[in-house]
Amino acid sequence: MGRSNTSRRSRFICSYSGVSTSIRCISIYLFCGGKTNQGMNTRLTPEAVMARVQTGRPYVLLLLKAGRDPMESENFQELQMGHLMHLFGLEAEGKAHIFGPVTTEGDLKGIIVFGTADKDEVSAWMQGDPLCNRGIFVYELYDWFSIPGMSLPVS
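Residues in the sequence shown are numbered from 1 upward in steps of one, following the UniProt record's numbering.
As structure tokens, then:
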């Protein structure tokens with residue numbers, strides 16, 4: 001890897017402490033391949049961890065947040081299905097890698113990880129989301145770093 005990639009990763013690690021707790025927890029969970037300590041290699045060394053970090057790359061993390069009241073929209077169920085169709089379409093095109101709702105009450109409604117580092121590209125893709133278009137959801141985009149190939153367990 002080139003020097004610029006190493007310094008980018010160093011900046012990531014150094015700036016990681018400034019990230020909100022929920023984003024840190026998501027990052028750690030996905031970094032561990034969706035596993036807790038159970039089933040992980042107990043002989044993990046700092047060198048092995050850094051070798052894995054060296055394979056990482058930038059992504060865009062999107063946080064969907066509550067916008068205007070969805071009940072103001074008389075066809076909310078139709079808009080919700082359009083939202084889901086849009087997300088599954090982005091996944092089928094290889095643009096959205098993982099997404100889902102946040103089931104805890106609050107303003108945070110969902111999370112999407114995109115396979116690009118280009119926020120403008122993600123904004124263009126989100127123009128097709130009917131819930132965002134109508135202001136029912138608003139979103140925030142974050143530069144995010146993770147390891148390709150990580151996944152959530154099936155069981």
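Ideal Cβ placement from N, Cα and C applies to all residues, glycine included.
Closest to residue 156 by CA distance: which of 139, 87, 44, 131 is it? No statement about residue 156 is possible, as the shown extent of the chain runs from 1 to 155 and does not include it.
Continuous alpha helix (DSSP H) stretch holding residue 60: start and end: Along the sequence shown, read from residue 1 onward, the residue named residue 60 stands at position 60. Boundaries around residue 60 are those of the beta strand (DSSP E), 57 to 66, since no alpha helix (DSSP H) includes it.
Which whole-angstrom value describes the C-beta separation of residue 117 and residue 58, a residue pair presumed to lie in contact below a C-beta threshold of 8 Å? Counted from its first residue, the sequence shown places residue 117 at position 117. Counted from its first residue, the sequence shown places residue 58 at position 58. Sure, about 4 Å apart at Cβ, within 8 Å.
Boundaries (first-last residue) of the alpha helix (DSSP H) holding residue 117: Position 117 of the sequence shown, counted from the start, is the residue given in the question as residue 117. Unbroken run through residue 117: none, as it is neither H nor E.
Just grab the DSSP bridge partners of residue 93 for me. In the sequence shown, residue 93 corresponds to position 93, counting from 1. Paired residues: none, contrary to the question.
DSSP state of residue 123 mapped onto helix, strand, coil: For the purposes of this step, residue 123 is identified with residue 123 of the sequence shown, where counting begins at 1. In this structure, residue 123 counts as helix in the three-state DSSP scheme.
For residue 69, which residues from the same chain have a beta carbon less than 6 Å from its beta carbon, with the 5 sequence-adjacent residues on both sides left out? Counting from 1 along the sequence shown, the entry for residue 69 is found at position 69. Residues of the same chain with a CB within less than 6 Å of the CB of residue 69, apart from the 5 flanking positions on each side, do not exist.
Measuring straight from C-alpha to C-alpha, what distance separates residue 66 and residue 56? Taking the first residue of the sequence shown as 1, we reach residue 66 at position 66. Taking the first residue of the sequence shown as 1, we reach residue 56 at position 56. Going from the Cα of residue 66 to the Cα of residue 56 covers about 31 Å.
Can you name the residues that DSSP bridges to residue 129? As a first step, residue 129 is located in the sequence shown; it is residue number 129 there, counting from the start. Partner(s): none; residue 129 has no beta bridge.
So if DSSP puts residue 78 in a beta bridge, which residue, or which two residues, is it bridged to? Position 78 of the sequence shown, counted from the first residue, corresponds to residue 78. Answer is none; residue 78 lacks a bridge partner.
Grouping DSSP H, G and I as helix and E and B as strand, with all else coil, what is residue 152? Translated into the one-based positions of the sequence shown, residue 152 becomes position 152. If DSSP states are grouped into helix, strand and coil, residue 152 belongs with coil.
Considering only C-alpha positions, which residue in the set 155, 146, 130, 97 is nearest to residue 86? Looking up residue 86 in the sequence shown gives position 86. The shortest C-alpha separation from residue 86 is found at 130.
Local conformation of residue 138 per DSSP, three classes: On the sequence shown, residue 138 is found 138 positions in, with the first residue counted as 1. In the three-state reduction of the DSSP assignment, residue 138 falls in the strand class.
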